[in-house]
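Read the structure below first, then the notes.
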Amino acid sequence: MVRYGGDVTLREVSTQRMVHEQLLGQVPVPEVFGWTEDEDQGFIYMSLIEGDTLEQRWNDLNETERQAICAELKPMVKAWRGLKQDGQEPFVGSIGTRPLRDIFLVYRPELVGPFQGGNAAQQFQDVCGIDISCEIPVVFSHSDLIPPNALLSRGPSPKVAAVIDWAQSGWYPSYWEYCKARQVELDPELFSKALQEESREKYLPFFIDPVDDETYY
């Protein structure tokens, strides 16, 4: 399989390889075989994992199947949030102490960092205008954990076949994963407003520890 585009970078390759290697057997991630660039396009060559996206399947899943998918995702999220940073100095940023690639931040250069030091999370919050007085841990986050980025096996009783699209992942304050997943708007023709609201309110807290997003985001 080839993933390509102007926003496909070596940083995404490094991240996907890191997650695949360090969380093998815990988080299903396509294996990266190679990478190249052609003019302004990046190309990642990776293993093909057959399946349909959670976005495609969600409306047809029964309650038992939905709960089972959430139960599978929960330890996966916990696994990548348990990854440790290399080096001695904590930072908020993408892999290799580079700037963040989150779509909510990239158009404001002052927001992407990297922010380094024991108060890295506070530095990030200060430039983002997030007013939190307590100390917030920094954890690895997918940062785009939405229905199009989870692949399910085909057929009855589907399982999580892969978590894909690690382009925005990196080291963020611990609340970012949950708050970001609640804020991303999907195409209502593919995933209706009602389904989006239900998935955020009812199911998201099953696999990402919830926080008060009005306070943290």
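In terms of the UniProt record's numbering, the sequence shown has 88 at position 88, counting the first letter as 1, and numbering is strictly consecutive.
Note that the Cβ used here is the ideal one computed from N, Cα and C, for glycine as well.
Just so it is clear, the structure is predicted and the values come from calculations on it, not from any experiment.
Query	Result
Could you tell me whether the Cβ atoms of D174 and D144 are closer together than 9 Å?	According to the sequence displayed, residue 174 carries Ser and not Asp. Taking 9 Å as the Cβ cut-off, S174 and D144 do not qualify as a contacting pair.
How should T15 be labelled, buried or exposed, when 16 other C-beta atoms within 10 angstroms of its C-beta is the threshold for buried?	buried
Use the C-beta contact count for V112: other C-beta atoms within 10 angstroms, 16 or more gives buried, fewer gives exposed.	buried
Using three-state DSSP, classify F207 as helix, strand or coil.	helix
Could you tell me which whole beta strand (DSSP E) segments of length 3 or greater appear in the region 48-73?	none
Can you tell which of S133, P156 and H20 has its C-alpha closest to the C-alpha of E65?	P156
Helix, strand or coil, according to DSSP, for W35 in the structure here?	strand
Let me know the secondary structure DSSP gives Q125 once reduced to three states.	helix
Are at least three pairs of beta-carbons, each pair with one atom in the region 116-136 and one in the region 74-86, less than 8 Å apart?	no
By alpha-carbon positions, which one of S47, L48, T9 and P90 ends up nearest to T36?	T9
For W166, which of helix, strand or coil comes out of DSSP?	coil
How far does the alpha helix (DSSP H) with R108 in it reach, from first residue to last?	Counting along the chain, R108 falls outside any alpha helix (DSSP H), and DSSP gives it neither H nor E.
Nearest CA to the CA of L23: which residue from R81, G51 and E177?	R81
Is it buried or exposed for Q125, if we count other Cβ within 10 angstroms and need 16 for buried?	buried
Contact between the region 108-122 and the region 54-61: three or more CB pairs below 8 Å?	no
Quick one, are the C-beta atoms of I95 and P158 less than 9 Å apart?	no
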